[in-house]
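Under the numbering used here, the first residue of the sequence shown carries the number 63, and numbering increases by one thereafter.
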Amino acid sequence: MDAQSVKNTATAENKGYDAGKKISGIKRHLAVDMNGFPQAIHITRANVSDRDGASAMIALHANDLRYVRNVLVDGGYSGVNFKLDVMNNLQATVQVAKRNELHKFEVLPQRWLVERSFSWIEKCRRLWKNCERQLHTSATMMTLAFMSVLLRRF
């Protein structure tokens, strides 16, 4: 599970400011399986934190994620409230990969699955920036991009 902040174009209506990345736009929250294909997509304004957006995504897609037993996240998702949300909605454990706790560089292959999924959809011209006026249209465009990736694979 991870989130990506995306800049808006002039035509986009919904936007917020992500102070951490200094981006005015939207935030894409994505939960993927071990193959990198999406299990849940949620779009918010960029001012929504990663934890809050992921908690909302889990609450909205709890039925789709009912078989999840372990959630892999980065350090932005640490906190007791997020773990409780995951436990209450999914009955799953949360595994946080914090880079500052590692004493040497170590590649964590599972953590790169969601980053690889974000790079797949960045190849779609319409998704490199947010051009959509409504948030649900952005989610639909992400779904279509992943369908295109899936069809090319098989």
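Virtual Cβ for every residue (Gly too), placed ideally from N, Cα, C.
query, result
"C-alpha distance - ASN48 paired with ARG178, whole-angstrom precision", "Any answer about residue 48 is impossible in this case: the structure gives the chain only from 63 up to 216."
"Continuous alpha helix (DSSP H) stretch holding HIS198: start and end", "197-215"
"Counterpart residues of THR106 in DSSP-defined beta bridges", "LYS89"
"Residue closest to GLY115, alpha-carbon to alpha-carbon, out of LEU127, PHE216, ALA93 and SER86", "ALA93"
"Neighbour-count burial assignment, LYS89, 16 or more Cβ in a 10 Å radius", "buried"
"Bounding residues of the alpha helix (DSSP H) (the contiguous stretch that carries LEU152)", "142-152"
"Helix, strand or coil at LEU127 according to DSSP, with G and I counted as helix", "coil"
"Beta-carbon proximity list for LYS160, same chain, < 6 angstroms, skipping 5 on both sides", "GLY137"
"Beta-carbon gap between ASP147 and SER111 smaller than 8 angstroms", "no"
"ASN70 and SER86 closer than 8 angstroms at C-beta", "yes"
"Residues sharing a beta bridge with LEU134, DSSP", "GLN157"
"Local Cβ density within 10 Å of VAL142, reported as buried at 16 or more and exposed below that", "exposed"
"Closest residue to GLN172 among VAL158, LYS185 and GLU184 (Cα-Cα distance)", "VAL158"
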